[in-house]
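I have placed the structure first, in the form of structure tokens, so that the comments after it can refer back to it.
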Amino acid sequence: MTPEPMPSAAELLAFYLEAGVDCALAEAPIDRLAEEAAADLAPAAAPPRRPLGVAESVPAAAMARTDAAPAPDVAILSAREAAATAASLEDLRALLEAFEGCALKNTATRLVFADGNPQARIMLVGEAPGRDEDIEGRPFVGRSGKLLDLMLKAIGLDRNSVYIANVIPWRPPGNRTPTPQETQICLPFIRRQIELVDPDILVTLGNPSTQALLQTREGIMKTRGRFMEYDTGSRRIKAMPTFHPAYLLRSPAFKRHAWLDLRAVRRALTATTA
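Heads up, the numbering used here is the position in the sequence shown plus 1, with the first residue counted as 1.
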């Protein structure tokens, strides 16, 4: 039987991209199979001896790795307590940089906190960073970010006149959908971020951010195009759900609906100024 030819570097890269691998997490490849084989051949380590008469007093949970993420309910409570202490956006960013309750931080390249003008009257919130955002550390800088810029330009706005963030500040591996637990852990931080910015209008981009922030189970097809209310903690503001730019890239037929939504946002913004 003729052996299969070895794939070329280009073919291997194409395979990895198709499988969803689009970035490296280490400087050099790691042979996990070789590590497992070495571990199987290594003699088992003897358990440490205790003095006679001394009982086991440390629970097994306390012997776990200290860098492992805490249980979701513990992490959510910790996030709520931490977010409540942030007196400014700078404080909040520092808290997120130090926060160890979300495992996504361990696989992301960097924190993606926000972009735009913190004094803006309009704040836009998406779901989570992608590959380009993870590299640059700013939200909406890839293809969807370019489309968002065009959408804003169409109603006379740009990144200097809006504030942009995500519910999840760290990129999920392979751009997978964040788990409900990950969303709940990060939710206190984005809520505090909205409270500190205190915009006049909140625009939720896509179904996940709309459901998480506006506490609705309805899909984006039903919620988009009509104003809802969001409580910033100090007042209630208008909130407009609309399609995420990434969805519009996949389904350009819905750009017309997003255009109508943004026109409504522009009118509402003008009305609050008059």
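Glycine included, every Cβ here is placed at the ideal spot set by N, Cα and C.
Counting along the chain, Pro73 sits inside the alpha helix (DSSP H) bounded by residues 73–85. For Leu206, the enclosing beta strand (DSSP E) covers residues 202–206. Annotation for Leu125: the continuous beta strand (DSSP E) segment containing it runs 123–127.
In the three-state DSSP reduction, Glu230 falls in the strand class (E or B). Closest in alpha carbon position to Gly157, among Ser9, Leu97, Trp260, is Trp260. Shown here, Thr180 sits in coil according to DSSP, grouped into three states, outside any helix or strand. Relative to the Cα of Arg268, the nearest Cα in the group Arg236, Arg227, Arg237, Pro71 belongs to Arg227. Under the three-state reduction of DSSP, Thr243 is assigned to strand. Secondary-structure assignment with DSSP links Gly117 through a beta bridge to Tyr164. Straight across, the Cα-Cα distance linking Ala85 with Arg193 is about 7 Å. Only buried fits Gln212, as 16 or more other CB atoms lie within 10 angstroms of its CB.
In the assembly as shown, Met222 is an exposed residue. Its beta-carbon has fewer than 16 other beta-carbons within 10 Å. One thing to note: Ala247 has its Cβ within 9 Å of the Cβ of Arg144. Counting C-beta pairs closer than 8 Å gives three or more between the segment 162–173 and the segment 187–206, which meets the contact rule. When C-alpha distances from Arg160 are compared across Asp116, Pro181, Leu197, the shortest belongs to Asp116. If you look at Thr271, you'll find it in the alpha helix (DSSP H) that goes 256–274. Shown here, Ile238 sits in a strand according to DSSP, grouped into three states. In the structure shown, the three-state DSSP call for Ala88 is coil. With contacts defined as CB atoms closer than 9 Å, Arg237 and Tyr231 qualify as a contacting pair.
Sorting Leu206, Ala104, Thr180, Leu105 by C-alpha distance to the C-alpha of Val126 places Leu206 at the top.
In this structure, Val204 sits away from Pro119, with a CB-CB distance that is not shorter than 9 Å.
Of the other Cβ atoms in all chains shown, fewer than 16 fall within 10 Å of the Cβ of Lys154; this residue is therefore exposed. By the neighbour-count definition (other C-beta atoms within 10 Å, threshold 16), Gly131 is a buried residue. Proximity to Leu263 across Thr274, His245, Phe141 peaks at His245, based on C-alpha coordinates. In the structure shown, Pro140 falls within a coil segment according to DSSP collapsed to helix, strand and coil. Shown here for Ile202: same chain residues with a beta carbon closer than 7 Å to its own, the five before and five after excluded, namely Arg122, Ile123, Ile238, Lys239, Met241, Val266, Ala269, Leu270 in chain order. According to the DSSP assignment, Thr224 belongs to the alpha helix (DSSP H) that extends over 221–224.
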